[in-house]
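Engineer:
In full-length UniProt numbering, the protein residues as written are 1 to 151.
1) Enumerated in chain order, which unbroken segments of the beta strand (DSSP E) with a length of 3 residues or greater are wholly contained in the region 54-87?
2) Check the DSSP bridge columns for residue 44 and list the partner residues they point to.
3) Residue 16: which of 48, 90, 139 and 59 sits nearest, CA to CA?
4) My output table needs one value for residue 5: the three-state DSSP class, helix, strand or coil.
5) Which class does residue 23 belong to by DSSP, given the choice of helix, strand or coil?
6) CA-CA distance, residue 213 and residue 66?
7) Three or more C-beta pairs closer than 8 Å, one from the region 75-94 and one from the region 34-43: is that the case here?
8) Please list, in chain order, all residues of the same chain as residue 79 whose beta carbon is under 8 Å from its beta carbon, the five residues on each side excluded.
9) For residue 28, which option in 108, 71 and 107 has the closest C-alpha, if you only look at C-alpha atoms?
10) Report yes if the C-beta distance between residue 13 and residue 85 is below 9 Å; otherwise report no.
11) So, helix, strand or coil for residue 14, using DSSP?
12) Start and end of the alpha helix (DSSP H) containing residue 147?
13) Using the C-alpha atoms, what's the distance from residue 104 back to residue 91?
14) Go ahead and pull the three-state DSSP assignment for residue 105.
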């Protein structure tokens, strides 16, 4: 279904647009309503290979389009080639140092058939899901056992 370049570009942009819509809806409520989402969203975008550059550009285009409708950049902080795991750790440390309960979450894209995507295969060195599983032995074991049904 998503074989052609145009179809993949459209899919990337739809995903990015939906994320920007969700950020705006939850973090910048219309009419000054109560904010349900976090006061800051850090969007870590890898920009290393062809696929990651295409993904990066789709999110930048979606953010630029959303900025025309609302003050998205009051909430959204774009981070290029930043390790989101390290950033989450630093944010949690800073919250703990300020005697606040750390409220840090990582949202990651995924493969609809594999838990952890292809983290156990060669060539999967930079994607966040691969890095999440490499840093957690329990996640790696569970994903590997569950994935045996698919590959």
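All C-beta atoms in this analysis are idealised placements derived from N, C-alpha and C, irrespective of residue type, glycine included.
Structural biologist: Let me spell this out:
1) 76-80
2) 79
3) 59
4) helix
5) helix
6) Only positions 1 to 151 of the chain appear in the structure, and residue 213 is not among them; the question remains open.
7) yes
8) 42, 43, 44, 45 and 87
9) 71
10) no
11) helix
12) 137-147
13) 7 Å
14) coil
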